[in-house]
Amino acid sequence: MPETPLTEKGGKTAIMNENSSAAEPNQPQRYSPAEIEPKWQAVWDADASLYAAEGHDSGKPKYYCLEMLPYPSGALHMGHVRNYAIGDALARHMWMRGYNVLHPMGWDAFGLPAENAALKNGVPPREWTFRNIEAMKKQFRRLGMAFDWSNEVTTCLPDYYRWNQWFFLKMFERGLAYRKKSKVNWCPDCQTVLANEQVIGGRCWRHEDTVVELRDLTQWFLRITKYADELLEGLDKLEGWPEKVRTMQRNWIGRSEGALVDFSVDGSAETVTVFTTRVDTIFGATSVQLAPEHAVAKAFALEDETLRGKIEGLLVEQQKARESDALGAIEKHGVNTGRFAVNPFNGERVPIWVANYILADYGTGAIMSVPAHDERDFEFAQKYGLPVRRVIAAADAEAPVLPYTAEEDGVLVASGEWSGLECAAAQEKMAAFAKANEFGTPTVTYRLKDWGVSRQRYWGTPIPMVYCDKCSPDEPMPVAESELPILLPEQIDITQTNGSPLGRVAEFVNTTCPKCGGKARRETDTMDTFVDSSWYFYRYTDAKNAKAPFDSDKANYWFPIDQYIGGVEHAILHLIYSRFWTKVMRDLGMVKNDEPAGRLFTQGMVIKDGAKMSKSKGNVVSPDEMIERYGADATRMYALFAAPPDRDLEWQEEGVAGISRFLSRVYRLVMKYKDVSAAKAGATNFSSDEGRLLLRKLHQTVAKITDDFSGRWHFNTSIASIMILVNEISAQEAAIDAGKIADNVVSQVFCFLTLLLAPFAPFLAAELWEQAEYAGDPFRITWPVYDPDLAREDEVEIPVQVNGKLVNVVKVPAGSGEAVVKAAAIADEKVKARVEGKTVVKVVVVPGKLVNLVVK
RNA sequence: GCCCGGAUGGUGAAAUCGGCAGACACAGCGGACUUAAAAUCCGCAGACCCUUAUCAGGUCGUGGGGGUUCAAGUCCCCCUCCGGGCACCA
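For the first sequence, counting from 1, position 329 maps to 1389 in this note's numbering; every step adds exactly one.
Shown next, in the form of structure tokens:
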């Protein structure tokens, strides 16, 4: 290849001017992602086995690298690009490190947008969904994502959702799936019920502006609360998960230890059971407060028309506050029922009130009010003139005695036989006493509620239950396992929006009773789509299994997921459901692991002009546009370079252009020296200082990037270090041209450079690998091995400080001991000048780091 | 109110274990090449002061205040602001 400066510069200019890449002979080609990328895309697409996971007998250690599966909305957005660029770099790196990698992809394909699109455009949901899947798969391929498509999972296919139904039946058998009437969240936009986890700040998770209503409906629930303690305790062991996510889940589960205490209702057979975390303050209880919906409150209301009206008023206030997410700010109102409850500890009669701030669905829906030691109770007591009675001594005897003491800890007073006990001890003993005397018990409550999975929508998994008119019209009966899948009818009219669309499909609804063979109706609600995503990653290990959700041996080989990557928006939703599902599957004997993922990484958002990209803000940057202009390699590499992966990333197109320029420089350099491959990456010899320098920088870069992959994941600095290496190569270009650097050094430099680039810019790496005629597939070649001897510096620069201020930098041989470093520092002219006329009090020498002279 | 993050040049950021603050880029400025522009290549670049054509030198500087230390972006205490989660949860 001709290497005259003339052709290098002049030739290149000419080509750029003509905007043509069809280089004339003797003229170097320029970097053209538009040509390289489709070429390699075709090669990779042609061989489905290329990124397929190997069998259990591969002899390699396994590595399950997983990114959260996308919803097929129609097009990938930058958040996807970032998410999958991180996962793909990791997967490719692990392949290169010799692991058997599972890196699958699928589609979270059920859901409301498909129905909405159908309503809007008249396209059947299935057609809309598959059209989108095709478009997005194309984008994935364009981006060069190394997914194992042989294990693709599409949740809206009967092959998949039949197992949702199967799991549902298993859960029903074990009492983990049940039906009950309760207050549920209703999104008027979605026209369906939502789980608690899908209500964020009182609003729908899909409709930020839509306030969720509460409705009384009979719904299917999954008993996630059975696992509440295990879900909570398991968090302590999930050290590979972000602390933030663990905290969010802890808050969500909301475990609270306390006691139940029965107050009998004076002159009635009724009992009011209160939940309290502070049973030690019970001698300070001056009233009992009931939620407006409490059964006892309702019973009182039946006897008293006026009271009923007032209680209903309180309920309305509470519901309004709930719906507008203003429960915390509600003005406390209450009504005295005129009835009394008896405190079982001291036999005292205290008035029973109904209050608007007491929630029916937390604890028992009833509390004992202790105004002296609870701020809310104090506020209420002040308003209605209820007595305030202190039962915990002030820590400071000198402290003025205020009505509301706020003491939370100390010694009990005015509490009968319990006086003198420390609060903590009293809590334990009093709860035990209550239990022994059968008027209470220690207990634990949770904020976590069972997972409501019924959706009054069409595009989802049919719930495999039937109701027989004859046998038991209100009792659901499971369909036989052999009947599965209960197919979702495809040709249906969904233009009516009220009620479950399936209810209008006679051929779906009408069936026969599994018990009596008579007429029966199918359940017409479908399952929450979060059911689909709760176990999809197990299906990836055995996606074509027609006899079971997956083979246990296969799942046990791959699980737990070694690295799971996705957005933090699923910290509670998807990630708590999947943990639950894994525990259920474990208890069914299907898997051995307790947790689905050993390590979780939540990447930051992609923002533009300081705000999350959204259509309404008009700040959306399309990945296609970026690929069009700069190529897929530059686009994904920028997504990794612009910020560390866990932080938000501000998208700046100039930055993508910068990465593209960098890749052009790499391309030019590798192409220029590709013929210096005679020696290939063999033994190294130091023919010159320049060669040694270059080799040192190379091995330092290998060390740095290898380290980043194994823990820190600061790929922005990995890429920066490749840039530094390339800058060094550029700086040594003249030396290479002058023959001062041995061919085998040059060869190793370019060979390793290509490999280091491979996880970040796979298309370019593949092209350069081929151009330089290196052997094998670069993505299966061993990751470059760092040689500490080559990476070691001969000389190090040691900053010298005087009284902590930098004065100069001295050079000493690497590994110099304290005495040498100190001598060099003291001998330095600048240091001498600074120290002159003063006394050196102390010399701090940190070998390899710095010297600090303390002078007076 | 409680809990978890975060704040570093014009911008994105780096500094991994307490040891040269600002690596690497983007934008900018200057230069080379060019009739010219684009592209490319080379160089400059925290703020301020002194000098002032330089060369060189000095002071300050990682949201604010205090502390520990020979040495603090990093550790400790207090505070401000921003993002996120939970919230009359008894």
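All C-beta atoms in this analysis are idealised placements derived from N, C-alpha and C, irrespective of residue type, glycine included.
Integer-rounded CB distance, given that residue j should sit under 8 Å from residue i
i: Leu1850; j: His1774; result: About 24 Å; that fails the 8 Å criterion.
i: Asp1148; j: Ala1206; result: 6 Å
i: Asn1211; j: Tyr1600; result: 5 Å
i: Phe1499; j: Val1321; result: 7 Å
Cβ-based neighbour list, residue i, same chain, cut-off 7 Å, excluding 5 preceding and 5 following
i: Gly1480; result: Val1471, Leu1472
i: Gly1423; result: Phe1335, Thr1505
i: Pro1538; result: Leu1229, Phe1232, Pro1524, Met1525
i: Arg1306; result: Leu1295, Leu1298
i: Asn1679; result: Lys1668, Asp1669, Ala1671, Met1673
i: Pro1907; result: Ser1876, Gly1877, Glu1878, Val1881
i: Lys1614; result: Thr1601, Asp1602
i: Ile1284; result: Leu1508, Asp1510, Trp1511, Phe1640
i: Ala1717; result: Tyr1690
Residues of its chain near residue i, where Cβ-Cβ distance is below 6 Å and the 5 sequence neighbours each way are ignored
i: Tyr1617; result: His1116
i: Trp1223; result: Pro1609
i: Asn1245; result: Leu1254, Val1259, Val1272
i: Tyr1637; result: Phe1590, Ser1594
i: Trp1265; result: Gln1258
i: Glu1377; result: Asn1416
i: Ala1661; result: The question names Ala, but residue 1661 is Phe in the sequence shown. These residues qualify, in order along the chain: Ile1625.
i: Ser1347; result: Val1410, Pro1411, Trp1413, Ser1429, Leu1446
i: Pro1121; result: Tyr1159
i: Ala1288; result: Ile1313, Tyr1506, Leu1508
i: Leu1162; result: Ala1113, Tyr1124, Trp1618
i: His1153; result: Phe1769, Pro1819
Coarse secondary structure for residue i, derived from DSSP in three states
i: Ala1319; result: strand
i: Trp1223; result: helix
i: Asp1686; result: First, the residue type needs correcting, since residue 1686 is Met and not Asp in the sequence shown. Helix, per DSSP.
i: Phe1281; result: strand
i: Ser1514; result: strand
i: Tyr1600; result: helix
i: Leu1236; result: coil
i: Met1587; result: strand
i: Tyr1111; result: coil
i: Glu1372; result: helix
i: Ala1401; result: strand
i: Gln1808; result: helix
i: Ser1676; result: coil
Contacts around residue i, its chain only, beta-carbon distance under 8 Å, and the 5 residues preceding and following it disregarded
i: Ile1418; result: Gln1349, Leu1350, Ala1351, Pro1352, His1354, Gly1425, Ala1426, Ile1427
i: Lys1898; result: Val1915, Lys1916
i: Arg1646; result: Lys1652, Asn1653, Asp1654
i: Phe1619; result: Tyr1124, Tyr1598, Thr1601, Val1651, Lys1652, Asn1653, Pro1656
i: Ala1389; result: Ala1381
Separation of residue j from residue i, as counted between CA atoms
i: Phe1839; j: Leu1544; result: 42 Å
i: Ala1106; j: Trp1100; result: 10 Å
i: Gly1055; j: Glu1583; result: Absent from the structure is residue 1055, since the part of the chain shown begins at 1061 and ends at 1916.
i: Asp1585; j: Asp1693; result: 45 Å
i: Val1628; j: Leu1126; result: 15 Å
i: Asp1923; j: Lys1392; result: In the structure as shown, the chain starts at 1061 and stops at 1916, and residue 1923 therefore has no counterpart that could be examined.
i: Val1141; j: Val1762; result: 26 Å
i: Arg1090; j: Arg1852; result: 35 Å
i: Pro1184; j: Tyr1518; result: 11 Å
i: Leu1635; j: Ile1552; result: 33 Å
i: Ala1381; j: Ser1724; result: 60 Å
i: Leu1700; j: Gln1379; result: 46 Å
i: Glu1372; j: Tyr1444; result: 19 Å
i: Val1736; j: Ile1801; result: 11 Å
i: Val1869; j: Val1901; result: 21 Å
i: Thr1766; j: Arg1756; result: 15 Å
Count Cβ pairs between the segment 1292 to 1312 and the segment 1358 to 1376 that sit closer than 8 Å; are there 3 or more?
no
Counting pairs of Cβ atoms below 8 Å between the segment 1665 to 1672 and the segment 1322 to 1338, do you hit three or more?
no
contact_flag[the segment 1307 to 1320, the segment 1394 to 1402] where n(CB pairs < 8 Å) is 3 or more:
no
Contact between the segment 1829 to 1843 and the segment 1782 to 1799: three or more CB pairs below 8 Å?
no
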